[in-house]
Amino acid sequence: MKELEERISKDGRVIGTDVLKVDNFLNHQVDPVLMKKMGEEFYKEFKDQNVTKIITVESSGIAPAIMTGLCFEKPVVFARKHKSLTLKDDLYTADVYSFTKQTSNKISISRAFLDSSDRVLIIDDFLANGQAVKGLAEIAEAAGATIVGAGIVIEKSFQKGRSLVDELGIKVHSLARIKAFENGKVIFEED
Ligand code: 5GP
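Counting along the sequence shown from 1, when you hit position 179 you're at 179 in the numbering used here, and nothing is skipped either side.
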């Protein structure tokens, strides 16, 4: 998605060797116009798959997932990272190692919001080592739901997530694919 690549080049900041900071438009301040176009791109890709539900992980996946859900006119469920008084029982859970926080989180979705009749589209902001998508896929499988694919805003194809998700047999559609970071500059994969 050309517009996303241009925005990453303009506003993204490379941190160290493998992290991209995009909090100017994606995961702190959010550009809803760009986000809507992302939802439309995911819709175009998966519209023939009879999607019944969009699933993601809080918090950075929520904005692109909501816009995707709006295009499909289907509900969006975001996995929670912390249990609370209102989210305690009857959960599907998975362990997810966080790439950016370097800690393991349990993510949970209530059994009330996912079942074997669902055809789910996984949405997330980044694909790095693939742990978030893997955890969401484990939850969908535990519910007996069918996974139609994963829509990723930014894939860092130099990390191992893509091959892990390919091995799981999940179709991935990424809006921007980053081949490398070179001297603080983002190099994209050719189309
Ligand atoms: P994975 O589970 O694929 O290893 O990592 C994906 C998750 O880690 C995403 O949900 C995202 O929040 C976070 N993440 C991974 N790489 C980056 C990055 O380069 N920048 C930011 N801002 N978040 C990232």
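Just so you know, even glycine gets a beta-carbon here, dropped at the ideal spot from N, CA and C.
Just so you know, these numbers come straight off a predicted model, no measurement behind them.
Please specify which runs of the beta strand (DSSP E), each continuous and at least 3 residues long, are wholly inside the segment 141 to 179, giving them in chain order.
146 to 156
Could you tell me which of Ser9, Gly61 and Ala132 sits nearest to Asp95, measuring between CA atoms?
Ala132
Between Asp124 and the ligand MG, is the CB less than 7 Å from at least one heavy atom?
Only the ligand 5GP can be found as ligands here, which leaves the ligand MG out of the picture.
Who does Val96 pair with in a DSSP beta bridge?
Asn105
Going by DSSP, what residues sit across from Lys185 in a beta bridge?
Glu182
According to DSSP, what are the bridge partners of Thr56?
Phe78
Out of Phe25, Val77, Ile109 and His173, point me to the one whose CA is closest to Ile54's CA.
Val77
Three-way DSSP call (helix, strand, coil) for Phe126 in this model:
strand
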